[in-house]
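I have placed the structure first, in the form of structure tokens, so that the comments after it can refer back to it.
Numbering (full-length UniProt numbering), first residue to last: 1 to 97.
Shown next, in the form of structure tokens:
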């Protein structure tokens, strides 16, 4: 996480930069049998969406913030992030990786 912050800070000199690790969902316990199921991602997407909404509010709104989400790991994490965009309320991400 420190490396991500350092790179982001170097790319935005003179601006306030932070990195946050979100571990707010029930991850699959067995990679072989549980991770193929989309239920983990579909359950987690609204939680990530709410978390991102809270961050945006704390930062002063859409115009006052720049948010990038980096998903790491198996297919489930990418599906969680993508699920935010399919959620009824959606999310205001500037970038998604």
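For every residue, glycine included, the Cβ atom is placed at its ideal position computed from N, Cα and C.
Of the listed residues 18, 19, 16 and 37, nearest to residue 26 (C-alpha basis): Taking the first residue of the chain shown as position 1, residue 26 is located at position 26. Comparing Cα-Cα distances from residue 26 to each of 18, 19, 16 and 37, the minimum goes to 37.
Contact set for residue 29: own chain, Cβ-Cβ below 7 Å, skip 5 residues either direction: For the purposes of this step, residue 29 is taken as residue 29 along the chain shown, with counting starting at 1. Cβ within range, chain order: n/a, list empty.
Alpha-carbon to alpha-carbon, residue 22 and residue 53: Within the chain shown, numbered from 1, the residue matching residue 53 stands at position 53. Within the chain shown, numbered from 1, the residue matching residue 22 stands at position 22. Residue 53 and residue 22: Cα-Cα distance of roughly 13 Å.
Assumed close pair residue 68, residue 56 - CB separation to whole angstroms, cut-off 8 Å: To locate residue 68, count along the chain shown from 1; it is residue 68. To locate residue 56, count along the chain shown from 1; it is residue 56. Contact flag wrong, Cβ pair sits at about 13 Å.
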